[in-house]
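Novice: Take this structure, written in structure tokens, and hold onto it; I'll ask about it next.
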């Protein structure tokens, strides 16, 4: 009792202090590197950065593959490592090698951003800033300087730079007509800024008693003072910046917008550090929101949206509710079978004790409270009653023999101690493979296995200590009431009918046994081939993420207009009252925010990504998405769209893939890649349940090819430097060729100063060719030395290693991933022989599915072998061990049939349910066969032993099965936040147990009687002093 009280005390403390997360720490061996260089084309980023990184990173220890995405102004690298790699060391090596590479990059390149990818790397919500009066750029500045700086007060909170605005910048907006009027080039303006706004350290003057700091105004102190900067040196009639340009305290060139509920806004993606609790971080953030809000202007509102922690807590609550309901139903079951309320109370008390003990040990082993550990604890509730139920039932049997209460308890516990230990070992054995699984299956399966294992071990110990003590205290002796006798007699009537059936079947035991083994195996194989396969159960979530692509090269302003039309279609379909919130990112991330593409990759100005949260809309989301596709295709036909994962579980499992189907077409010949990618799109579009089939990359991006005549340029006195500096500053900004900084002294912040021609004044090719090239001369202009032609180029260059590839992506509508992957592979096979050096492979979730199910199948095989060897060692007989294992086909068939009937698939959760059912079914079989073997060795008659054992173990096996079934019912029904994700687990357990219980009680005695009918009763021991051995030597 003291031990139980201790467990409760420390267990409650462990529950209160436990870290709560969505998924366990995955420790995925992936590192991302993002390297920005504003203004470079995708081809330049690939040549100057992407492929150079590949050349150095192949030397990093443990690297498995290197992928790169190269878009305008950014290279994004994904390094995948082999399992078991020391990721801290790998991250250090990646950082060291990338620093070493800086000297090989173009001048002005800044260091890259490097991040480990784990469950904690993905956002758990969004902080949204909105205002009716302030611009996006003002909100961006507030988010950067005020909101993000306050995050240090919240332990474990991380955030990427703001989405939706551009960084504050001092704009020198040059008027082209004024340049031409004064025979100036834009490069002269840049040079004037560089000369008159520069940073240098102040000196010191030792005058009298003091040491004076001597700061100067070599850095312009007020924004309006930029207008007074002279353009020329010397005693000339000077011009100033204000004469030929407008100076503005503005923002960098806009590359993207965030839209919240259709209005331009700014938001911050909120993430947590790897060792922090999702729930604690979000809870503290919400508690600090009023304080952060008070630091913002009154006309700015700060809200927290797309909160993933709500999902965590709702999952905890729903699983706890299912556990409580399961415990109550289990208690009612004990009362039904034994008619003993006090015995039911003892069984129920062992459940929370075991669960709380499991939480203690999970915390000691560094595990969190997450979806997988909660599923394990909820699943264990049905199993926990096994040990205590068997003990209570055996005590009742001994009481019925007329023994005193103390003697009945002692004899009952002694009699079943070894069989119960064997039962425990059989159940634990099915989880042994979790210790050897790698990757995602291992990361998910191990926490669940630990939760069940710790609870089971505690339950066994309690059944041998706590249960006997409580039974002696509160259970009655053998003076049963008439009502109880009546209940027992009713069960005896059922037992008599059961034994009559058994008697008839035993006479045809060989025929029945062979028929069972053949029939059940064939049906199980048939069910395996029919059932669908997924990595994780599908969830009918009220949130979704949608990516739309306008024609390649579409200006961001046009993409924004199309995006608003898409939002209208969503609102029209769902109804305005059912829209919780919409958040969209239109265009690209600014080059300064290189980490942002790791969280949300945007390939160009023609893309937009929406996150939509619906409320009180009870509909099938697959139907909703399909209807939305039809409406957008009809009303906005120029758009391509693709739904992407939004739930954290889907995003983590997909490991970067944006759709469940992704096919990689790779080869050195880019033209061949494009040809076969288009053929795949055409073929896949004929599969009726595939949606959004498209090529993910842009390879026909519109471009103006500016061909410089070097000879003519030299004759006119200009060189490549003159041309490029003038062209970049005119079409983009001087920030890419001449960095200059301004200090906002009151706030101590620095900002870029950039010279540019406003985008609304560069509207045609004629405007471009009029760019002046030489100082103090009206000619030459750009048009004198270049030829401009319309062409296309790659909008995105993706590589695996140094080999280019294209991705063909597709979504699945009302079907499972396994079926779709098989159909896709058939399409790939039908392409015939591929050109030399061209490869086509399925990647993404399809690969994860194959690895997951293969790992689980291997794990189940290992578990069966472990159980077989353990049973063989215990019974000293391979035949008896094989007899027990004949219950396994029934488990598989029962689980698969119930999954098929309920529309569930074979996935990680349901597979775990099958594995659990195998363990419990083996435990029931052990309980029966142990008793049968004991009787056979005493009587020498296998037939009688089988009959008697079936009769004696009928009630405890039925009690165990019914206890688990009723305990699993709340989970199998699938209500609550996490209900759809854990329901297949409960259904697999129920189906497997129902079929295996029939097999254990009805078929197993027949097989045992057939197999052991002529087996000797002599011990296999070689010890000469063992009188039961045929080697017994009685000569001494």
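Residue numbers (our numbering): 78 to 1113. Using N, Cα and C, we set each Cβ at its ideal position, and we do this for glycine too.
What does a CB cutoff of less than 6 Å around residue 905 pick up in its chain, not counting 5 residues either side in sequence?
Specialist: The answer, listed in chain order, is 917.
Novice: Do residue 499 and residue 1007 have their C-beta atoms closer together than 9 Å?
Specialist: Yes, the pair counts as a contact, with Cβ atoms nearer than the cut-off.
Novice: Can you name, in chain order, every residue of its own chain whose Cβ lies under 6 Å from the Cβ of residue 92, other than the five neighbours on each side?
Specialist: 436, listed in sequence order.
Novice: By how many angstroms is the C-alpha of residue 617 removed from the C-alpha of residue 1050?
Specialist: One C-alpha to the other measures close to 15 Å.
Novice: In whole angstroms, what separates the C-alpha of residue 790 from that of residue 782?
Specialist: The straight-line gap from Cα to Cα measures roughly 17 Å.
Novice: Comparing alpha-carbon positions, which option in 1017, 1002, 85 and 1058 lies nearest residue 1035?
Specialist: Taking only the C-alpha atoms, the option nearest residue 1035 is 1002.
Novice: According to the Cβ coordinates, are residue 207 and residue 394 closer than 9 Å?
Specialist: Not closer than 9 Å, so no.
Novice: Return yes when the Cβ of residue 672 is within less than 9 Å of the Cβ of residue 87, no when it is not.
Specialist: Not a contact, by the Cβ cut-off of 9 Å.
Novice: Which first and last residues belong to the beta strand (DSSP E) in which residue 783 is found?
Specialist: Per DSSP, residue 783 belongs to the beta strand (DSSP E) from 778-785.
Novice: Once the 5 residues before and after residue 631 are set aside, which same chain residues still bring their CB inside 7 Å of it?
Specialist: Result list for residue 631: 682 and 683, in chain order.
Novice: Going residue by residue through the segment 868-920, where are the continuous beta strand (DSSP E) segments of at least 3 residues, counting only ones entirely within it?
Specialist: Whole beta strand (DSSP E) segments, 3+ residues: 874-877, 880-889 and 916-920.
Novice: With DSSP as the reference, label residue 372 as helix, strand or coil.
Specialist: Looking at residue 372 - three-state DSSP - the assignment turns out to be coil, as it is neither helix nor strand.
Novice: Quick check for students: name the residue ranges of the alpha helix (DSSP H) that lie wholly in the segment 131-182, counting only runs of 4 or more.
Specialist: With a minimum length of 4 residues, the continuous alpha helix (DSSP H) runs that stay inside the segment 131-182 are 164-177.
Novice: Once the 5 residues before and after residue 1085 are set aside, which same chain residues still bring their CB inside 6 Å of it?
Specialist: Counting only Cβ-Cβ distances below 6 Å, and skipping sequence neighbours, we find 960, 1009 and 1023.
Novice: Spatial neighbours of residue 51 within its chain, please: CB distance less than 6 Å, with the 5 preceding and 5 following residues excluded, ordered by chain position.
Specialist: One cannot answer for residue 51 here, as it falls past the ends of the chain, which runs 78 to 1113.
Novice: Residue 561 to residue 416, Cα distance in whole Å?
Specialist: In this predicted model, residue 561 has a pLDDT of only 46, less than 50, meaning its place in the structure is not dependable; the value taken from the coordinates is given anyway. Those two C-alpha atoms are separated by around 6 Å.
Novice: Considering only the beta carbon of each residue, do residue 771 and residue 626 sit closer than 9 Å?
Specialist: Yes, they are a contact pair.
Novice: Please say whether residue 205 and residue 342 have beta carbons closer to each other than 9 Å?
Specialist: Contact flag set, yes.
Novice: Under a Cβ-count criterion, where at least 16 other Cβ atoms within 10 Å of its own Cβ denotes burial, should residue 558 be classed as buried or exposed?
Specialist: Residue placement at residue 558 cannot be trusted, given a pLDDT of 46 that sits under 50; the coordinates are not used to answer.
Novice: Take residue 650 as the anchor and find which of 867, 700, 827 and 483 has the nearest alpha-carbon.
Specialist: Measuring from the Cα of residue 650, the nearest candidate turns out to be 700.
Novice: Let me know if residue 489 comes out buried or exposed under the rule of 16 or more other beta-carbons within 10 Å of its beta-carbon.
Specialist: Flag for residue 489 reads buried.
Novice: Can you give me the C-alpha to C-alpha distance between residue 707 and residue 715, rounded to a whole angstrom?
Specialist: C-alpha separation (whole angstroms): 13 Å.
Novice: Beta carbon of residue 268, beta carbon of residue 324: below 9 Å?
Specialist: No, the Cβ-Cβ distance between residue 268 and residue 324 is not below 9 Å.
Novice: Taking the runs of the beta strand (DSSP E) that are 3 residues or longer, which of them lie wholly in the segment 235-264?
Specialist: For the segment 235-264, whole beta strand (DSSP E) runs of length 3 or above, ordered along the chain, are 245-251.
Novice: Work out the CA separation of residue 623 and residue 981 for me, nearest whole Å.
Specialist: So the alpha carbons of these two residues sit roughly 26 Å apart.
Novice: Can you round the beta-carbon distance between residue 528 and residue 439 to whole angstroms, since I take them to be within the 8 Å contact cut?
Specialist: About 6 Å; that satisfies the 8 Å criterion.
Novice: Indicate whether residue 125 and residue 153 have their beta-carbon atoms separated by less than 9 Å.
Specialist: No, the Cβ-Cβ distance between residue 125 and residue 153 is not below 9 Å.
Novice: Can you find the residues in the same chain that come closer than 7 Å, C-beta to C-beta, to residue 805, ignoring five residues on each side of it along the sequence?
Specialist: Counting only Cβ-Cβ distances below 7 Å, and skipping sequence neighbours, we find 116, 813 and 814.
Novice: Taking the beta carbon of residue 634 as the centre, do at least 16 other beta carbons fall within 10 Å, making it buried, or is it exposed?
Specialist: Residue 634 should be labelled exposed.
Novice: Tell me which same chain residues have a C-beta within less than 7 Å of the C-beta of residue 564, skipping the five on either side of it?
Specialist: Unreliable placement is indicated for residue 564, whose pLDDT of 46 sits below 50; the coordinate value is still reported in the next sentence. So the list reads 416, once near-sequence residues are dropped.
Novice: CB-CB under 7 Å to residue 412, same chain, minus the five flanking residues each way: which ones, in chain order?
Specialist: Contacts found: 418 and 421.
Novice: Output yes or no for whether 9 Å exceeds the beta carbon distance between residue 828 and residue 246.
Specialist: Yes. Within cutoff.
Novice: Relative to the alpha-carbon of residue 818, which residue among 187, 192 and 274 has its alpha-carbon at the smallest distance?
Specialist: It is 274 whose Cα lies nearest to the Cα of residue 818.
Novice: How is the alpha helix (DSSP H) around residue 843 delimited, first residue to last?
Specialist: 842-846 is the span of the alpha helix (DSSP H), which, as asked, contains residue 843.
Novice: Count the other CB atoms within 10 Å of the CB of residue 289; is the residue buried (16 or more) or exposed (fewer)?
Specialist: Burial call: exposed.
Novice: What are the start and end residues of each continuous alpha helix (DSSP H) run of 4 or more residues lying completely inside the segment 463-511, in chain order?
Specialist: The qualifying runs are 482-506.
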